[in-house]
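One structure is given below, encoded as structure tokens.
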Amino acid sequence: MAQILELTKDWDTRLAAWADEEHSASRRFLISAAVWVLVGTLFGLVAATEYYWPDLVHNFPQLQFGRLRPTHVNVVAFGFISMANVGAIFYVIPELCRTRLFSERWGNVLMVAWNAVIVAGIACLTNGITEGREYAELPWFLDLAMMAALILYIVLVWGTVLNRKEKQLYVSIWYIAGTTLWFPVVYLIGNRVFFAVPGIGDAIANWFYGHNILGLWFTTNGIGLLYYFLPKITRNPLYSHLLSIVGFSTIAMFYTPTGTHHLLQSPVPEWLKAVAVISSVMLLVPVMSVLVNFFLTMKGKWSMMATHLPLRFFITALGFYLLTCFTGPFQATRWINWYLHFTHWVVGHAHFALLGTFGFVGWGAIYYVAPRVSGRQWYSRRLANAHYWLSLVGTILMIVALTVGGLIQASAWEEGIPVYRSVIMVAPFMLMRAFSGLLIVLGQVLFLYNVVKTLVFAEASVEGPLEEPAGALPQSAVRS
Amino acid sequence: MTNQRANYLYPALGLTLIMASIIFVVVLVPRWTFKPPEPRDLRDYTAQELRGREIYKREGCWYCHSTVSRPQDWDHGRRSKSSDYYYDGYHLLGSERTGPDLANIGGKFPDQYHMLHHKNPRYVKPGSIMPRYDYLSEQELTDLTAFLQSLGPNGTRALDVKDGKAKYEATGETKWAKVRDYTWVGGALNGVTEKVAMWKLDVAQQRALNETLYGEHMEVPFKYTAEIEELMYGSSHEAANAKGALQSLATPAFPNKEALEAARNQDPEVRAWVENSFKEGEITDKNRLLANYGKGLFNNQCSPCHGVAGNGKGQAAFTMTKRPANFDEDKYATFTTDAWYWRISRGVPGTQMPRWEYTLDANQRLTLTAFLKYVAQNKGLGKLQGSESDYEKAPAPAAPAK
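Quick mapping for you: the protein sequence lines, in order, are chains B and Y.
According to this note's numbering, the first sequence is numbered sequentially starting from 1.
According to this note's numbering, the second sequence is numbered sequentially starting from 1001.
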């Protein structure tokens, strides 16, 4: 009893110290992201395995496919990628503004609230409490909690930006602060918190949100972070500030109306489809400007990929981004969509964007930011390397399996072969996809182990830092 | 400091305004301008169907089943229209089809099929990867089945376009007295052994048909058929579990005699002409008009692939890996009316030949049948050759007696 009393002594000052420590919110966001990526991919792995062994789980509704899928999507999207982004943003924005985070204490409150929403979300979705709208499945009370969290996030970002000591606003701040302007509106519309849309209009609102959570949340945050990381790591100046501003304003303009390209053969207004298709193709403008800018910024420093692990994650993400964003606009045109819609190809495309691009940005950001917000080097370089390769091979295998499976489905339907036969035809690819999920989950186990050793138990680094300049390569390798 | 911030204020404001106007256009404008009319051919959901819809949402059925039938879809019924969703409180369109589309599932299978299928999909569809929903209570399964049976033009919610709404409001009757009135292969069967035997017969029958009449134009997924057979006979526990009233796979008999008979009886004149048209001499002034109609249908719908004279040399033929049928071949002269009607209605799986039952009504298909029988018998257009104006010279048929 005395011991317990001893523990509770000065709880308020100790709690304040816990919450006010500089960079603590950022660090805890990154740890949470590492936990959620393992949980989320595990949900995904079970769901993917059920595609091949439908009787894997029997009489346990919480692990039945229809409930696992939204859980997987919500945990990796809102748990892993969003929290990794926010954690990195809480480090990057103060750095760029030469100041501290507006309120470390409220940052920690946000971290706790966000984690609570994810835990409650898992509990609700696995038990069938769902709104039944893709990417907006969380029930209304969690929508409200998420809205409150987003408003707190906006206050923290803008408070930091307005308190800045640096007069110039770097382009990363444009992207990240710009996102806070529109994302609450998008989230409000998508989750229909205060209003309902009956009939097929609901689908229009759903896909406005469903596509913009990608375009106006993950993309703008992820690209904003890359605009900081790439010049910082390579020590090259950003190739063009003008291009970055062009990319920023066009991404805001062309991403917003694209949602209806998910409904091209559904009975919704034709003009809305036309607007969606045109703006989807026009997305090539921001994509090209972003990629050209990044690739030319990398000029002369590509070899750093070999020794600088966070940079390797970012460059891999850029490769996936290139492929995603060049297939996306063509997929959105009517005739290609006619063939590919409703197939596994689209699921593959979603993994391309979220896992391949923004998942890798998230991992890279964690690898880069964590030593800087904790003052400790990574516990194991070898584990981090293994994490990279397992994730990369898993992602590629998954995309190949889903893309080929989708093409088989599409051609089978085109030929008039009924769905229950095309299900059999794609079965080998579903097995391949489950295997790729296994690789990814293995990678996340190593990753979480590394994160816990480094950030929670503060163990000393055994193999040195992950980041070495290009000169660290053997001379022969650099010269040739 | 103030000046510096002012530099960012206007671009930020401008961008916010642009975003707001785009959101206004793509979210709010459709809400005001896009209001699908109240459907004349559909009634509202009942409380039970709504409970079923909740279960459909809760169990995540919509992650693998869409409820929108598209123009390019095979075997998913008529194309969905915006008023089909009039009574939906929230949408369940779905974004991916691991399983088939369910927009028109109502009336396609009996209730018992759905109940069994939900408990274990592999009872009735070997090779299916749908999860088992045997953790749902009997009441929940019944509600879900009621919801599924309510979907589409053959479902329990369907009304006659003409006066169905008034009739429904007056009497509570919908278009179909019974949606589960469905002819199963071989009629009622009890006991697993007979059921398996029936399946065997069905597969063998299907193969025989594939090898004789349509083999040349049809790609038969033999590998899969073998797999199905193995599932059916090899793992007997699967089959043994499928007790109950279920009789067969969900393929109607070949051809569905009742449906054919019903369609044929709609118009005795068409029927007579269908039966006699293969004799060239029996083209009369009266049925010449029907022949003309059949020829018009053929020109509109079939000639792009089969050619105007039915010789399989249409403009689009060269794009196809399976070449369109040439009706000059001898075997087509032996086709019965039933075979023609069936083939036109159901299309040819594995080729580009569509299922015309979704596009043409029964009389149109019968008229087309008659025309095709004539073409096959005469190895060409025969007396039907020539322009439309030739037929205009023929005396007009007498007006039917009032």
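Ideal placement from N, C-alpha and C gives every residue a C-beta, glycine not left out.
What is the DSSP secondary structure of A1158(Y), counted as helix, strand or coil?
By 1-based counting over the second sequence, the position of residue 1158(Y) is 158. Note: A1158(Y) maps to strand in three-state DSSP.
Does W338(B) get closer than 7 Å to chain Y when you measure Cβ to Cβ?
As a working mapping, residue 338(B) is identified with position 338 in the first sequence. Closer than 7 Å: yes.
Compute the Euclidean distance between the alpha carbons of A1197(Y) and I417(B), then round it to the nearest angstrom.
In the second sequence, residue 1197(Y) corresponds to position 197, counting from 1. In the first sequence, residue 417(B) corresponds to position 417, counting from 1. Per-residue confidence for A1197(Y) stands at a pLDDT of 33, beneath the threshold of 50, marking its modelled position as unreliable; the derived number appears in the next sentence. In this structure, the CA atom of A1197(Y) is about 25 Å from the CA atom of I417(B).
Under the three-state DSSP convention, the category H308(B) falls into:
On the first sequence, residue 308(B) is found 308 positions in, with the first residue counted as 1. Strand.
Quick test of the definition: if touching needs 3 or more C-beta pairs under 8 Å, does the segment 140-156 of chain B touch the segment 53-66 of chain B?
By the criterion of at least three beta-carbon pairs nearer than 8 Å, the segment 140-156 of chain B is not in contact with the segment 53-66 of chain B.
Below 8 Å on the Cβ atoms is my contact criterion, and I expect Y187(B) with L150(B) to pass it. Report the Cβ-Cβ distance as a whole number of Å.
Here residue 187(B) refers to the residue found at position 187 when the first sequence is read from its first residue. Here residue 150(B) refers to the residue found at position 150 when the first sequence is read from its first residue. Right, their Cβ atoms sit about 6 Å apart.
For the alpha helix (DSSP H) that S26(B) lies in, which residues bound it at each end?
Locating residue 26(B) in the first sequence gives position 26, where the first residue counts as 1. 24-52 is the extent of the alpha helix (DSSP H) around S26(B).
So, is the C-beta of I278(B) closer than 7 Å to a C-beta in chain Y?
For the purposes of this step, residue 278(B) is taken as the residue at position 278 of the first sequence. No, its Cβ sits nowhere closer than 7 Å to a Cβ of chain Y.
Helix, strand or coil for A1188(Y)? Go by DSSP, reduced to three states.
Along the second sequence, read from residue 1 onward, the residue named residue 1188(Y) stands at position 188. Low local confidence applies: a pLDDT of 34 at A1188(Y) is under 50, so the model's placement there is unreliable, with the coordinate-based value given in what follows. A1188(Y): coil per DSSP, three-state reduction.
So, using beta-carbon positions, are W1340(Y) and L1372(Y) closer together than 7 Å?
For this step, residue 1340(Y) is matched to residue 340 along the second sequence. For this step, residue 1372(Y) is matched to residue 372 along the second sequence. A contact, by the Cβ cut-off of 7 Å.
Can you list, in chain order, the residues of its chain with a C-beta nearer than 6 Å to that of P1121(Y)? Leave out the 5 residues immediately preceding and following it.
One-based indexing of the second sequence puts residue 1121(Y) at position 121. A distance below 6 Å between beta-carbons, with the five flanking residues on each side excluded, links P1121(Y) to the following residues of its chain, in chain order: S1128, M1130.
Short Cβ contact (7 Å threshold) for G128(B) with R1058(Y):
To locate residue 128(B), count along the first sequence from 1; it is residue 128. To locate residue 1058(Y), count along the second sequence from 1; it is residue 58. Their beta carbons are under 7 Å apart, which means G128(B) touches R1058(Y) by this criterion.
At which residues does the alpha helix (DSSP H) containing E1138(Y) begin and terminate?
As a position in the second sequence, residue 1138(Y) is number 138, starting the count at 1. 1138-1149 is the span of the alpha helix (DSSP H), which, as asked, contains E1138(Y).
Limits of the unbroken alpha helix (DSSP H) element including W302(B):
To locate residue 302(B), count along the first sequence from 1; it is residue 302. Note, W302(B): premise wrong, no alpha helix (DSSP H); not H, not E.
Tell me the DSSP secondary structure of L1042(Y) in three-state form.
For the purposes of this step, residue 1042(Y) is identified with residue 42 of the second sequence, where counting begins at 1. Look at L1042(Y) here: in three-state DSSP terms it is strand.
Look at the alpha carbon of T1085(Y) and the alpha carbon of E1038(Y), and state the distance between them as a whole number of angstroms.
By one-based count along the second sequence, residue 1085(Y) stands at place 85. By one-based count along the second sequence, residue 1038(Y) stands at place 38. Residue identity differs from the one stated: residue 1085(Y) is Tyr in this sequence, not Thr. For the pair Y1085(Y) and E1038(Y), the Cα-to-Cα distance works out to about 9 Å.
Residue interval of the alpha helix (DSSP H) (run including H344(B))
The residue given as residue 344(B) occupies position 344 in the first sequence. Its alpha helix (DSSP H) spans residues 344-351.
With a cut-off of 7 Å, does the C-beta of S1137(Y) fall near any C-beta of chain B?
If you number the second sequence from 1, residue 1137(Y) lands on position 137. Chain B contact via Cβ: absent.
I'd like to know whether the C-beta atoms of G1030(Y) and S1083(Y) end up nearer to each other than 7 Å.
Residue 1030(Y) sits at position 30 when you count from the first residue of the second sequence. Residue 1083(Y) sits at position 83 when you count from the first residue of the second sequence. The question names Gly, but residue 1030(Y) is Pro in the sequence shown. Not a contact, by the Cβ cut-off of 7 Å.
Same chain, Cβ closer than 7 Å to V426(B), neighbours up to 5 away in sequence not counted
Mapped onto the first sequence, residue 426(B) falls at position 426. Cβ neighbours of V426(B) beyond the five flanking positions: H344, G405, I408, Q409.
W11(B) to W18(B), Cα distance in whole Å?
Position 11 of the first sequence holds residue 11(B). Position 18 of the first sequence holds residue 18(B). Straight-line Cα distance between these residues: approximately 10 Å.
Leaving out five residues before and five after Y170(B) in sequence, what residues of the same chain have Cβ atoms less than 6 Å from its Cβ?
If you number the first sequence from 1, residue 170(B) lands on position 170. Taken in chain order, the residues that qualify are L96.
Along the alpha helix (DSSP H) that carries P371(B), what are the first and last residues, could you check?
The count along the first sequence starts at 1 and reaches residue 371(B) at position 371. Per DSSP, P371(B) belongs to the alpha helix (DSSP H) from 360-374.
Checking the sheet assignment: what are the DSSP bridge partners for E467(B)?
As a working mapping, residue 467(B) is identified with position 467 in the first sequence. For E467(B), which the question treats as bridged, DSSP gives the partners H308(B).
Cα separation between Q1364(Y) and D1101(Y)?
Position 364 of the second sequence, counting from 1, holds the residue named residue 1364(Y). Position 101 of the second sequence, counting from 1, holds the residue named residue 1101(Y). When rounded, the distance between both Cα atoms is 27 Å.
Does the beta carbon of F1034(Y) come closer than 7 Å to any beta carbon on chain B?
The count along the second sequence starts at 1 and reaches residue 1034(Y) at position 34. Yes, its Cβ sits closer than 7 Å to a Cβ of chain B.
If you draw a straight line from the C-alpha of T1156(Y) to the C-alpha of A1146(Y), how long is it?
Indexing the second sequence from 1 puts residue 1156(Y) at position 156. Indexing the second sequence from 1 puts residue 1146(Y) at position 146. Computed Cα separation, rounded: 8 Å.
Are G222(B) and S289(B) touching if we call contact CB-CB under 7 Å?
For the purposes of this step, residue 222(B) is identified with residue 222 of the first sequence, where counting begins at 1. For the purposes of this step, residue 289(B) is identified with residue 289 of the first sequence, where counting begins at 1. No. Outside cutoff.
What in chain Y is Cβ-close to N59(B), meaning under 9 Å?
Translated into the one-based positions of the first sequence, residue 59(B) becomes position 59. In chain order: R1132, D1134, Y1135.
If I'm right that G79(B) touches F90(B) with Cβ under 8 Å, what's the distance once you round it to whole angstroms?
Counting from 1 along the first sequence, the entry for residue 79(B) is found at position 79. Counting from 1 along the first sequence, the entry for residue 90(B) is found at position 90. Distance from G79(B) to F90(B) at the Cβ level is roughly 16 Å; contact not present, criterion being Cβ atoms closer than 8 Å.
For my contact list, T307(B) and E468(B) are in at a C-beta cut-off of 8 Å; report their separation, rounded to the angstrom.
The count along the first sequence starts at 1 and reaches residue 307(B) at position 307. The count along the first sequence starts at 1 and reaches residue 468(B) at position 468. 4 Å between Cβ atoms; contact.
If you measure between the beta carbons of K273(B) and T256(B), is that distance less than 7 Å?
Taking the first sequence and counting its residues from 1, the one referred to as residue 273(B) is at position 273. Taking the first sequence and counting its residues from 1, the one referred to as residue 256(B) is at position 256. In this structure, T256(B) does not lie closer than 7 Å to K273(B) by Cβ.
Look at the Cβ atom of T1334(Y), then the Cβ atom of T1369(Y), and state whether they are nearer than 7 Å.
Locating residue 1334(Y) in the second sequence gives position 334, where the first residue counts as 1. Locating residue 1369(Y) in the second sequence gives position 369, where the first residue counts as 1. Result no, Cβ atoms of T1334(Y) and T1369(Y) do not sit closer than 7 Å.
Is E1329(Y) buried or exposed, if buried means 16 or more other CB atoms sit within 10 Å of its CB?
Along the second sequence, one-based indexing puts residue 1329(Y) at 329. Only exposed fits E1329(Y), as fewer than 16 other CB atoms lie within 10 angstroms of its CB.
If you reduce the DSSP assignment to three classes, tell me which class E1329(Y) lands in.
By one-based count along the second sequence, residue 1329(Y) stands at place 329. Three-state result, E1329(Y): coil.
What residues are listed by DSSP as bridge partners for E1096(Y)?
Position 96 of the second sequence, counting from 1, holds the residue named residue 1096(Y). Beta-bridge pairing links E1096(Y) to F342(B).
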